[in-house]
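S.K.: Take this structure first; my questions come after.
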Amino acid sequence: MSKPKHPRALAENQAQAIGRNIRTSPRKLNLVAGLIRNEPVSDALAKLSFSKRRIAQQVKTVLESAIANAENNHQLDVDRLVVHRAEVGKAMVMRRFHARGRGRSAQIQKFFSHIKIVVAEREDNDEGKAA
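Okay, here's the thing in structure tokens:
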């Protein structure tokens, strides 16, 4: 006997991708994620491509992965996809030390974070409002 199948957490018109252990703090990553929330995926890709922030390229790869999941695994229309959610979470923290004067030390914290991007297919009635 096997375990029962895990029910799908997302709706039928949604797909997701998760980027784990990204080497930046959650505050900085959330600034980039805020750029693409509730945007059509074409606009979100353009914003990430021309963003000056270092981490934007890794967020772009996670978004491209979510688009590919929507197209290949769930047969959604790529032209009607919208970034439904972009959630940022805290991951591990590397602790290092910095040598200070008089034989003392100070702690340096290097933060990591996770990002989860959920894309959803736009409904037909929303398409008229956008145009």
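Under my numbering, read the sequence shown as residues 15 to 145, first letter to last. Glycine is no exception: its CB is placed at the ideal position from the N, C-alpha and C atoms.
Identify whether N35 lies in helix, strand or coil by the three-state DSSP scheme.
M.R.: strand
S.K.: For R136, which residues of its own chain have a beta-carbon under 6 Å away from its beta-carbon, when the five flanking residues on both sides are left out?
M.R.: R94 and V96
S.K.: Which residues bound the alpha helix (DSSP H) around I129?
M.R.: That residue, I129, is in no alpha helix (DSSP H); its beta strand (DSSP E) goes S119 to E135.
S.K.: Say whether the region 75-85 touches the region 114-124, bearing in mind that this needs 3 or more beta-carbon pairs closer than 8 Å, one atom from each stretch.
M.R.: no
S.K.: What three-state label does DSSP hand A47 in the structure shown?
M.R.: helix
S.K.: In three-state terms, what does DSSP make of K104?
M.R.: strand
S.K.: To the nearest whole angstrom, what separates the beta carbons of A134 and N52, a pair I think is in contact under 8 Å?
M.R.: Contact between A134 and N52 does not hold, since the beta-carbon distance rounds to 10 Å and is not under 8 Å.
S.K.: Looking at A29: is its Cβ nearer than 9 Å to the Cβ of I129?
M.R.: no
S.K.: With a cut-off of 8 Å on the beta carbons, I'd call S127 and A105 a contact; round off their distance for me.
M.R.: Their Cβ separation, rounded to whole angstroms, is 5 Å, which keeps S127 and A105 in contact under 8 Å.
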